[in-house]
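Enquirer:
2 protein chains.
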Amino acid sequence: MVAEMTGKSKLCQQIEEEIQWLSQFGADERNGVTRLLYTDEWYSAQEALQNKMKQLQLETYYDDVGNLFGRLNGTCSAKEVILVGSHVDTVKYGGKYDGAFGIIAGIIAAGYLKKKYGLPKKTIEVVSLCEEEGSRFPITYWGSGNINGIYDITRSTKIIDQHAISLQQAMHRLGFGNGTYIKPVRDDITHFIELHIEQGKQLEKSGLDIGIVSSIVGQKRFTVSVTGESNHAGTTPMKHRKDALFVSCQLITQLIELSKRYNEHLYVTIGKLNVTPNIANVIPGSVQFSIDVRHHEQEILEEVETTINQLVKKIMQKSDMKIEIDRWMSEKPVRMDNYLSEISKNISSEKNMMYMELVSGAGHDSQVFGQFTPTCLLFVPSQGGISHSPKEYTSGEQLEKGVKLLIDLLYKLAY
Amino acid sequence: MVAEMTGKSKLCQQIEEEIQWLSQFGADERNGVTRLLYTDEWYSAQEALQNKMKQLQLETYYDDVGNLFGRLNGTCSAKEVILVGSHVDTVKYGGKYDGAFGIIAGIIAAGYLKKKYGLPKKTIEVVSLCEEEGSRFPITYWGSGNINGIYDITRSTKIIDQHAISLQQAMHRLGFGNGTYIKPVRDDITHFIELHIEQGKQLEKSGLDIGIVSSIVGQKRFTVSVTGESNHAGTTPMKHRKDALFVSCQLITQLIELSKRYNEHLYVTIGKLNVTPNIANVIPGSVQFSIDVRHHEQEILEEVETTINQLVKKIMQKSDMKIEIDRWMSEKPVRMDNYLSEISKNISSEKNMMYMELVSGAGHDSQVFGQFTPTCLLFVPSQGGISHSPKEYTSGEQLEKGVKLLIDLLYKLAY
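From first to last, the protein sequence lines are chains Z and L.
Heads up, the first sequence is in my numbering, so the first residue is 2 and it goes up one at a time.
Heads up, the second sequence is in my numbering, so the first residue is 2 and it goes up one at a time.
This is the structure:
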């Protein structure tokens, strides 16, 4: 089909084609993409992206954990790098857009700028970050984390996947992790820009084109363990029971009800709950469940933790049961850069794109970069808010608007 | 150890020894008993019991499903049979007393009466019922059910265990189920008497010797399926969620709270609950849970079912989620025989045994017999109320009181 017949611009077609092209590396039996860190599928995607970058005359290189870079050297201040990109890994049975779009967009934008304006004043680098999802190894942000120096690569012997292969073994298999390539940690990055699908419904619901992220939420995660007493359902009077599930249900109901009233930006989720022994005619002896709390203000996260502890204490006293609560994650909210947001807003307005500022409830590589470097996270809509699924979809026209914004943003920063 | 040294009576010692003796057939690695229907362990127990009965000069025979009988022929009305016994099968990793005690007690009582008074006027038969627990095949009361004609033996080809062996194949392996033995169904039983451990704490808590069961509860069991919408915990605002777990917790909390206030004899249990997809950062898309309702009055069971349906309807309307409820079991309460209860009370009083009338919240073979025949279910205390566990325990002295009551009861009925 040619552009004239579809009404699609050349850029739009190019984006659609390249998204499709990249999705073949790791294409899975569910019509989705499964590209787990350091697998053959993952490596074939990185190699293909390197070729793509080379075709556009970007200087390419890997770092020692397998982050792939394509560089346009700046003519004035080559040592100041504006980094643009996202992650190449996917979840199991993921979609074609999550992560991939940010890389494709970066390559197209760099190629476009190079062709139209020649080399920039400041260096632009496109990055295909090796890992963000935590789908193979129990670690997330392995790509951006190494660039920002928050990981110690020697720990990689202790992190193992479900087949007992260590992160180090997996790296070594592909020639990474043994000093062949440059060290990942960087001090030359002045800005990080990430274009991503929203993975939510806010843009779609509002009928908007662009989301300019003001903050990425902080998260606290807890495991709650309720210990009651397992007993026969037919011989233990209700007033003598220590029913761990009943107490858990009270706790969850009260917590969610409180959270709903608390603050519309507060997200509290109990996603996982396991009952022991989980037999219809036995009173549950113990229950374990997760609490996932997200908000973009640290103060509110702390308040919610206090509330949870008070609630647990109250219910524990009332029920005479043991309730233990373990906070195993506490990540602070990260603000995106105001200056980059303002430029993004101005460009959107100039181009008649409808935008909104929003908070990202999902984690992104920008969350790691944002702690060290002025960072800009931009969203395009996700159909139905669906992500981490073969059903993930954003139209070419919507992707195109994101890429146009990215091109102008890079132009303003680098030329 | 001799009786004089322990202070235990000969009868007490005999009971303890025979309980211990029977527990060797199917003794498992957890120091419990695993004697599943038609296994070698099960068969060795029945064969050993048959020998034991023969030693006491009982006439022994099997029926075609493997119920084992030991008979003292009545001198006046031989065709009127007073049946006494319980089930020989156990749960996996069960105890030494559940079922076994009722058989041992019956054999000892019959042997004692025969020795002391000769043959009875009415026939006494001791039965070792082949199956009650439903631990191997998804069917319960296979022994008493066949005696009372509620099962069709031809169905046995369709009932399979976890290794895909049919009930029929399992029977045939041991020579049962093919007409070699007499048909199980009986019309000559005038009374059924079962002595059993309580499997609850009521006697222990009250410091009593004997429980005389007035009724066995009826049961209704339901499976509730709540269908919401699985979504990302970080990108779906709480007011837009269809959280199947939150709704389930509300339902369970309200149901248990209502049930606690309703009637002290009402037992409502949610023992099993499964969340899908059960991932900490994903809003639960669906939840399935069980409801087990028990009471000794059918009217109350019906009222509770109505309450559950109303509650589900109310919460479904409020939450805009789909909630399906499937009642897959509805067993009516069964009253034990008043006349047999009165005799048992009188004997207990005469013997200075402390007794109470109680409702059995657990099912027993008496529940099947009680629908067709005057039936008497008698309990001795269970330490800590523990059953279906290697920790099941009742002292020899407590067992002895039950056996003494049984001897006198049989004497009054048969001599």
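Built from N, CA and C at the ideal position, the CB exists for glycine as well.
#1: Between the alpha carbons of V3 of chain Z and D189 of chain Z, how many angstroms are there, rounded?
#2: Assess contact between the segment 354-362 of chain Z and the segment 206-213 of chain Z, defined as three or more Cβ pairs (one per stretch) separated by less than 8 Å. Is contact present?
#3: Identify every run of the beta strand (DSSP E) within the segment 270-358 of chain L, keeping only runs that are complete inside it and at least 3 residues long; order them along the chain.
#4: How should M330 of chain L be labelled, buried or exposed, when 16 other C-beta atoms within 10 angstroms of its C-beta is the threshold for buried?
#5: Report the neighbours of Q251 of chain L on chain Z: residues whose CB is nearer than 7 Å to its CB, in chain order.
#6: Starting from A245 of chain Z, find everything on chain L with Cβ-Cβ shorter than 8 Å and list it in chain order.
#7: Express the C-alpha separation of A281 of chain Z and R328 of chain L in angstroms, rounding to a whole number.
#8: Is the separation between the beta-carbon of L196 of chain L and that of G403 of chain L shorter than 8 Å?
#9: Along the chain, which unbroken stretches of the beta strand (DSSP E) at least 3 residues long are found entirely within the segment 69-143 of chain Z?
#10: Count the other C-beta atoms from every protein chain shown that fall within 10 angstroms of the C-beta of R262 of chain Z, then say buried if there are 16 or more, exposed otherwise.
#11: Within the 8 Å Cβ cut-off, does E265 of chain Z reach chain L?
#12: Among the candidates Z:R31, Z:F193, Z:I161, whose CA atom is the shortest distance from the CA of V369 of chain Z?
#13: What do you get for L147 of chain Z, buried or exposed, if any count of 16 or more other CB atoms within 10 angstroms of its CB means buried?
#14: Could you give the distance in angstroms between the alpha-carbon of K346 of chain Z and the alpha-carbon of T307 of chain Z?
#15: Any idea what DSSP makes of S216 of chain Z, helix, strand or coil?
#16: So P285 of chain Z contacts chain L; which residues on that side make the cut at Cβ distance below 9 Å?
#17: What residues in the segment 204-224 of chain L have a beta carbon less than 7 Å from any beta carbon of chain Z?
#18: Looking only at its own chain, which residues have a Cβ that is under 7 Å from the Cβ of I16 of chain Z, when we skip the five neighbours before and after it?
#19: List the residues of chain Z that T237 of chain L touches, going by C-beta distances under 9 Å, in chain order.
#20: Does the beta carbon of K392 of chain L come closer than 8 Å to any beta carbon on chain Z?
#21: Hey, how far is the Cα of E201 of chain Z from the Cα of E265 of chain L?
#22: Less than 8 Å between the C-beta atoms of E393 of chain Z and P334 of chain Z, yes or no?
#23: Hey, out of L:T376, L:S388, L:T395, whose CA is closest to L428 of chain L's CA?
#24: Would you list the one or two residues that DSSP bridges to V369 of chain Z?
#25: Answer yes or no: do V127 of chain L and V89 of chain L have a C-beta to C-beta separation smaller than 8 Å?
#26: Would you grab the beta carbon distance between G183 of chain Z and D64 of chain Z for me? Rounded to a whole angstrom, and I think it's under 8 Å.
#27: Against chain A, with Cβ distances strictly below 8 Å, would N339 of chain Z count as a contact?
#28: Only counting the same chain, and skipping five residues up and downstream in sequence, which positions put a Cβ closer than 8 Å to that of Y340 of chain Z?
#29: Using a cut-off of 8 Å between C-beta atoms, extract the partners of S260 of chain Z located in chain L.
#30: How many whole angstroms separate the CB atoms of T181 of chain Z and Q169 of chain Z, which I take to be in contact at a CB cut-off of 8 Å?
#31: Take G112 of chain Z and list the residues in its own chain whose beta-carbon comes closer than 7 Å to its own, dropping the five residues that flank it on each side.
#32: Once you ignore the five residues that flank G27 of chain Z on each side, which residues in its own chain have a CB closer than 6 Å to its CB?
#33: Please report the distance separating the alpha-carbon of M54 of chain Z from that of G96 of chain Z.
#34: From E304 of chain L to K221 of chain L, what distance separates their C-alpha atoms?
#35: Residues in its own chain within less than 6 Å of L274 of chain L by CB, not counting five upstream and five downstream?
#36: Keeping to the same chain, check which residues put their C-beta closer than 8 Å to that of L267 of chain L; ignore five residues upstream and five downstream.
Expert: On the basis of the coordinates in this document:
#1: With a pLDDT of only 45 at V3 of chain Z, under 50, the local geometry of the prediction cannot be trusted, and the value read off the model is given with reservation. Cα to Cα, V3 of chain Z sits roughly 42 Å from D189 of chain Z.
#2: yes
#3: 274-277, 287-296, 323-332
#4: exposed
#5: T254
#6: Within chain L, no residue comes near A245 of chain Z; the closest Cβ sits about 11 Å away, beyond 8 Å.
#7: 13 Å
#8: yes
#9: 69-73, 78-88, 123-130
#10: exposed
#11: yes
#12: Z:F193
#13: Note that residue 147 of chain Z is Asn in the sequence shown here, rather than Leu. Flag for N147 of chain Z reads buried.
#14: 37 Å
#15: strand
#16: T270, I271, G272, K273, L274
#17: V218, R222
#18: I105, I109, G397, L400, E401, V404
#19: G201, K202, Y268, T270, G362, G386
#20: no
#21: The sequence given here has Gly at residue 201 of chain Z, not Glu. One C-alpha to the other measures close to 48 Å.
#22: no
#23: An answer regarding residue 428 of chain L cannot be provided, because it is not within the stretch 2 to 416 covered by chain L.
#24: For V369 of chain Z, which the question treats as bridged, DSSP gives no partner whatsoever.
#25: no
#26: Here the sequence assigns Ile to residue 183 of chain Z, which means Gly is not the residue at that position. Going by Cβ atoms, the distance from I183 of chain Z to D64 of chain Z rounds to 5 Å, so yes, they are a contact pair.
#27: The structure shown contains no chain A; the protein chains it does contain are Z and L.
#28: P375
#29: M239
#30: With 8 Å as the limit, T181 of chain Z and Q169 of chain Z do not qualify as a contact, their Cβ atoms being about 14 Å apart.
#31: L57
#32: V34, T35, R36, E42
#33: 23 Å
#34: 11 Å
#35: F290
#36: S260, V294, R295, H296, I301, V305
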